[in-house]
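Contents: one structure, followed by commentary.
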Amino acid sequence: HMVATLLAVLSTFAKMADQNKERTFIMVKPDGVQRGLVGEIMKRFENRGYKLVACKMCTPTKAHLEEHYRDLKSKGFFAGLIEYMSSGPVVAMVWEGKEAVKMGRMMLGATNPLQSNPGTIRGDFCIDVGRNICHGSDSVESGKRESEHWFKDGEIQEWSPAQSKWVYE
Ligand code: ADP
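Taking my numbering, the leading residue of the sequence shown gets -19, the next gets one more, and so forth.
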């Protein structure tokens, strides 16, 4: 009986720790880099308490982007999107924390910046849907798929921020 109770308590703690490990793939797009908004975007995730576990600057190839955006292949804006996204360097990142995917989307704002609330990244810094400065995964599964598409295993870091116990209860 005691053992069962102990196991239940341990599994509760394991689940709580797991919740805080959700990952989302966030990217500053070429227009965000050109406009000097890399620091601003990273700052918002840091300030919120999310943990940066991967980060790099690169100019993605069209093939890499076509795989990243494979669900949008049939859209009329697809060719323009690939052109825009491959036009210069981006900053690719993985952020980790409780409900990182949902909160990441909320912090980015709506896909169309004209529908993004002020206070969100898109709502504060851009206007056109084709120049919306940032990307964020739209589900936990795509967070995982996109993180693995942009980063190799060794490029994602496991680390414990000193502030964790002041961010999570
Ligand atoms: P999100 O990036 O918010 O997940 P989508 O996956 O629907 O949105 O679209 C991917 C990206 O394609 C958008 O962020 C935007 O840059 C571009 N896009 C979406 N819709 C349009 C559109 N109607 N015209 C031009 N570009 C678009």
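Quick reminder that beta carbons are idealized off the backbone N, C-alpha and C, glycines included.
Since Glu76 is in the beta strand (DSSP E), which residue starts that stretch and which ends it?
-> Val70 to Glu76
Answer yes or no: do Pro10 and Pro69 have a C-beta to C-beta separation smaller than 8 Å?
-> yes
Can you give the Cα-Cα distance for Asn92 and Phe105, rounded to whole angstroms?
-> 12 Å
Who pairs with Gly116 in a beta bridge, going by DSSP?
-> Ile6
Among Gly29, Lys36 and Gly16, which one has its Cα closest to the Cα of Gly134?
-> Lys36
By how many angstroms is the C-alpha of Ser(-9) removed from the C-alpha of Gly16?
-> 44 Å
Answer with yes or no whether the minimum CB distance from Val13 to chain C is below 8 Å.
-> The structure shown contains no chain C; it is built from a single protein chain.
Phe131 versus Ile107, Leu94 and Cys38, residue with shortest Cα-Cα distance = Cys38
For Glu46, I'd like the list of residues in its chain whose CB is within less than 7 Å of its CB, leaving aside the five on either flank, ordered along the chain.
-> Ile62
Would you say Asn112 touches the ligand ADP, meaning its beta carbon is less than 7 Å from a heavy atom?
-> yes
Arg50 burial status per 10 Å Cβ neighbour count (16 or more: buried) = exposed
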